[in-house]
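Shown next, in structure tokens, is the structure this report addresses.
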Amino acid sequence: MNKFYADSMLGKLTRFLRFLGYDTFYRREESVEKMLETSSEDNRIVLSKSKDIVNKCSKLNVKSLFILSNDIIHQLKALYDTLHLEMALPPRNTRCSMCNNVLVEKNKQEIIKFIPKGTANHYDRFWQCSACGKIYWIGSHWRDIEKTIIEAKVGCNYAGKR
Ligand SMILES: [Zn+2]
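In the numbering used here, the protein residues as written are 35 to 196.
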């Protein structure tokens, strides 16, 4: 499975990739040099909106992809067309959008005290981040993300399975 290192400015794409199950780092404070070094050691594909950074990557033999569009659907399409990413809809392999760690499905009783009452009444399946503890469920936000992923799949060259 491909691993990524997304440059700053690509926060939304980072969250989507994590949601799709891809191990994705996001550059905040780290220097560009550090990002390239980590990507090289860790075999991560650098995603960036900077031509300059993409050029640096090719000089250093670090895989990279120049992200032209600001639109999440176009960004996802570009990734699928270029890398033929598998687009399994969540919750398969889904990672925490905040910290990139894997989610673990939880029994409702285990986490019920941490979620709003209305949510507990409406949903039955819950996942929790193994690192930061954030709890996820298939609410309207999750549905919106799925919708975007499905839209990105329509019309792109990718022809794999869901
Ligand atoms: Zn987390």
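Cβ atoms here follow ideal geometry from the backbone N, Cα and C, with glycine treated the same way. Given the structure is predicted, the values throughout are model-derived calculations rather than measurements.
Check: What residues are listed by DSSP as bridge partners for K37?
Finding: Counting from 1 along the sequence shown, the entry for residue 37 is found at position 3. For K37, which the question treats as bridged, DSSP gives the partners R78.
Checklist line | Distance, A122 Cα to K195 Cα | finding: Locating residue 195 in the sequence shown gives position 161, counting from the first residue. Locating residue 122 in the sequence shown gives position 88, counting from the first residue. Low local confidence applies: a pLDDT of 41 at K195 is under 50, so the model's placement there is unreliable, and no value is given.
Check: Around the C-beta of G55, are 16 or more other C-beta atoms found within 10 angstroms, so that it is buried, or is it exposed?
Finding: Here residue 55 refers to the residue found at position 21 when the sequence shown is read from its first residue. Buried, because 16 or more other Cβ atoms sit within 10 Å of the Cβ of G55.
Notebook entry, point to check: Between R126 and E67, what straight-line distance do the alpha-carbon atoms span, to the nearest angstrom?
Noted result: The residue you call residue 126 lines up with position 92 of the sequence shown. The residue you call residue 67 lines up with position 33 of the sequence shown. R126 and E67: Cα-Cα distance of roughly 33 Å.
Note to self: I need the residues with a C-beta less than 6 Å from some heavy atom of ligand 1; please give them in chain order.
What the structure shows: Any residue whose Cβ sits closer than 6 Å to a heavy atom of ligand 1 makes the list: C130, M132, C133, N135, C163, A165, C166, K168.
Check: How far does the beta strand (DSSP E) with L110 in it reach, from first residue to last?
Finding: As a working mapping, residue 110 is identified with position 76 in the sequence shown. Note, L110: premise wrong, no beta strand (DSSP E); alpha helix (DSSP H) at 106-117.
Check: According to the neighbour-count rule (16 or more other Cβ atoms, all chains shown, within 10 Å of its Cβ), is K111 buried or exposed?
Finding: Start at 1 with the first residue of the sequence shown, and residue 111 comes out as number 77. That one is buried.
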